[in-house]
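Engineer: Residue numbers for the sequence shown follow the UniProt record's numbering, beginning at 1 and rising by one. Glycine included, C-beta positions come from ideal geometry on N, C-alpha and C. Values in this document were obtained by computation on a predicted structure and should not be read as measured data. Below you'll find the structure I mean.
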Amino acid sequence: MNLRRIAVLYARELRASAGNFLMIFALVVPVVFSLLINLVFGDVYSGKPVLGFYDPENSQFAQLMMAQTHLKSTRYDSLDKMISDVDLGAIETGYVVPQGFDQALKDGTQIDFTVYAWGEASLNSRLITDTTIANVISQVAGLPQTAHVRLHPLGPADQDSLAEKLLPLLILMSIMLGGVMVPALTMIGEKQSRTLLALNVTPTRLSEVFAAKTLLGVTMGTATGLVTLALNRAFGGQPLLLVGVMLLGSLAASLLGTLLGALARDMNTLLATLKGGGILLIGPGIVDLIPKAPAWIARLFPTYYILNPVMEIAERGAGLGDIWGDLLILLGLMAVLVIALTRIIAGQQKRLALL
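Here it is as structure tokens:
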């Protein structure tokens with residue numbers, strides 16, 4: 001394959017997709033849904049304070065705070081990133097844990113503790129956070145606890161907002177619409193216009209056309225996925241890792257889209273295939289909406305291994321070591337798609353040569 005020809009084809013695909021209604025639809029729909037859901041339901045039923053910790057020493061204090069199930073906590077490797085997220089409202093409070101904080105608590109010595117607070121954080125969140133910090137500080141300092149509170153929750157235990165519950169589905173929609181539909185639709189367009197037949201009189205190979213389509217899907221899937229995460233303030237504490245995982249997931253989706261476009265005879269066949277198999281693409285997001293649904297059900301869907309690493313990083317601050325198993329499975333699925341595409345390209349290249 002010639003990289004220069006692939007780049008030229010990729011640039012042509014970008015220009016052509018700018019005026020295509022279905023391409024615009026695939027990009028705009030998840031963004032519009034994210035905006036509507038956040039504007040209407042963003043804070044409804046949301047009762048968990050959102051905190052961030054910059055703690056180079058990995059203190060016991062931060063570990064205990066991160067373990068509190070009634071808080072949503074993220075660990076940051078960059079102080080500037082945490083301050084930026086507080087300023088944007090992505091987290092309500094950011095804590096800079098100083099060196100020797102645990103020992104200072106145990107020794108009873110005075111130590112400065114820097115806290116950054118978002119101006120629009122609710123009073124309820126601040127009260128919950130302050131009470132939890134006081135209890136954790138007492139625990140780290142080894143102070144005796146003479147009172148033990150028993151909490152009896154009444155009503156639904158799930159305090160996530162509707163926007164948070166729908167976030168996995170929105171992310172999957174973003175990646176699938178951009179990564180699967182865009183290359184598939186452009187492949188069908190090439191067939192209908194019969195431009196692939198022109199390859200017989202040009203040095204361009206069919207594999208280079210497929211590569212350009214796949215790159216277009218990666219671009220669209222990654223862009224819509226990252227915009228959806230940004231609108232939902234869900235970048236977490238490791239944005240570079242998140243972008244890398246998003247690129248990998250979008251590549252898998254784009255390989256699938258290119259494969260579907262190569263196999264489908266026309267637009268009706270493609271749309272019927274997507275309609276019939278759509279549940280396989282967005283299944284993990286739907287499972288997340290079902291209360292008390294067993295976690296193993298979501299693992300049955302191939303797209304789970306695209307979605308779960310993204311959610312682990314964005315919502316739970318996971319590192320590469322926490323998601324490597326899912327990524328290995330995803331790489332295996334991608335290898336299967338690459339093998340299938342290679343065989344299809346070889347077969348179609350032979351047929352074109354006979355025409």
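Is the CB-CB distance between Leu255 and Leu169 below 9 Å?
Structural biologist: Stepping through the sequence shown from its first residue, residue 255 is reached at position 255. Stepping through the sequence shown from its first residue, residue 169 is reached at position 169. Cβ distance not < 9 Å, so Leu255 and Leu169 don't count as in contact.
Engineer: For Asp87, is the classification buried or exposed, using 16 other Cβ atoms within 10 angstroms of its Cβ as the cut-off for buried?
Structural biologist: To locate residue 87, count along the sequence shown from 1; it is residue 87. Exposed, by the Cβ-count rule.
Engineer: Spatial neighbours of Tyr10 within its chain, please: CB distance less than 7 Å, with the 5 preceding and 5 following residues excluded, ordered by chain position.
Structural biologist: In the sequence shown, counting from the first residue as 1, residue 10 sits at position 10. Closer than 7 Å at the Cβ level, and outside the excluded window around Tyr10, lie Ala212, Leu215, Leu216.
Engineer: Are the CB atoms of Asp112 and Ser59 within a distance shorter than 9 Å?
Structural biologist: On the sequence shown, residue 59 is found 59 positions in, with the first residue counted as 1. On the sequence shown, residue 112 is found 112 positions in, with the first residue counted as 1. In this structure, Asp112 does not lie closer than 9 Å to Ser59 by Cβ.
Engineer: Nearest-angstrom Cα distance between Leu280 and Phe53?
Structural biologist: The count along the sequence shown starts at 1 and reaches residue 280 at position 280. The count along the sequence shown starts at 1 and reaches residue 53 at position 53. So the alpha carbons of these two residues sit roughly 37 Å apart.
Engineer: So for Ser84, helix, strand or coil by DSSP?
Structural biologist: Taking the sequence shown and counting its residues from 1, one reaches residue 84 at position 84. Of the three classes helix, strand and coil, the one that applies to Ser84 here is helix, per DSSP.
Engineer: Determine contact between the segment 246-261 and the segment 176-192, defined as no fewer than three beta-carbon pairs at a distance below 8 Å.
Structural biologist: Touching, yes, given that three or more Cβ pairs across the two stretches are closer than 8 Å.
Engineer: Starting from Gly52, follow the beta strand (DSSP E) in both directions and report where the run begins and ends.
Structural biologist: For the purposes of this step, residue 52 is taken as the residue at position 52 of the sequence shown. Where Gly52 is concerned, the enclosing beta strand (DSSP E) stretches over 50-54.
Engineer: What is the rounded straight-line gap between the Cα of Leu127 and the Cα of Ser84?
Structural biologist: Reading the sequence shown from its first residue, position 127 is the one you call residue 127. Reading the sequence shown from its first residue, position 84 is the one you call residue 84. Roughly 23 Å separates the two Cα atoms.
Engineer: Excluding the five sequence neighbours on either side, which residues of its own chain have a C-beta within less than 7 Å of the C-beta of Ala314, listed in chain order?
Structural biologist: As a first step, residue 314 must be located in the sequence shown, where it is residue number 314. Taken in chain order, the residues that qualify are Leu229, Ala234, Phe235, Gly236, Leu242.
Engineer: For Leu260 and Ile345, which I take to be in contact (beta-carbon distance under 8 Å), what is that distance rounded to the nearest angstrom?
Structural biologist: As a working mapping, residue 260 is identified with position 260 in the sequence shown. As a working mapping, residue 345 is identified with position 345 in the sequence shown. Contact flag wrong, Cβ pair sits at about 14 Å.
Engineer: Can you list, in chain order, the stretches of the alpha helix (DSSP H) that have 4 or more residues and sit fully within the segment 278-317?
Structural biologist: Whole alpha helix (DSSP H) segments, 4+ residues: 295-298, 304-316.
Engineer: Taking three-plus beta-carbon pairs below 8 Å as touching, is the segment 262-274 in contact with the segment 283-292?
Structural biologist: Verdict: no, contact absent.
Engineer: Under the DSSP definition of a beta bridge, which residues are partnered with Val209?
Structural biologist: Numbered from its first residue, the sequence shown carries residue 209 at position 209. Partner(s): none; Val209 has no beta bridge.
Engineer: Helix or strand or just coil, what does DSSP make of Gly94?
Structural biologist: For the purposes of this step, residue 94 is identified with residue 94 of the sequence shown, where counting begins at 1. Strand at Gly94.
Engineer: With distances taken Cα to Cα, identify the nearest neighbour of Gly347 among Leu263, Thr269, Leu167.
Structural biologist: Reading the sequence shown from its first residue, position 347 is the one you call residue 347. Selected option, being the one with the closest Cα: Leu263.
Engineer: List the residues that DSSP assigns as beta-bridge partners of Ala117.
Structural biologist: In the sequence shown, counting from the first residue as 1, residue 117 sits at position 117. DSSP, once it has assigned bridges, lists Thr93 as partnering Ala117.
Engineer: Can you list the alpha helix (DSSP H) stretches of 4 or more residues lying completely in the segment 235-282, in chain order?
Structural biologist: Runs found: 239-263.
Engineer: In angstroms with no decimal places, state the Cα-to-Cα distance between Pro302 and Leu337.
Structural biologist: Position 302 of the sequence shown, counted from the start, is the residue given in the question as residue 302. Position 337 of the sequence shown, counted from the start, is the residue given in the question as residue 337. Those two C-alpha atoms are separated by around 12 Å.
Engineer: With DSSP run on the structure shown, which of helix, strand or coil describes Arg4?
Structural biologist: The residue you call residue 4 lines up with position 4 of the sequence shown. Note: Arg4 maps to helix in three-state DSSP.
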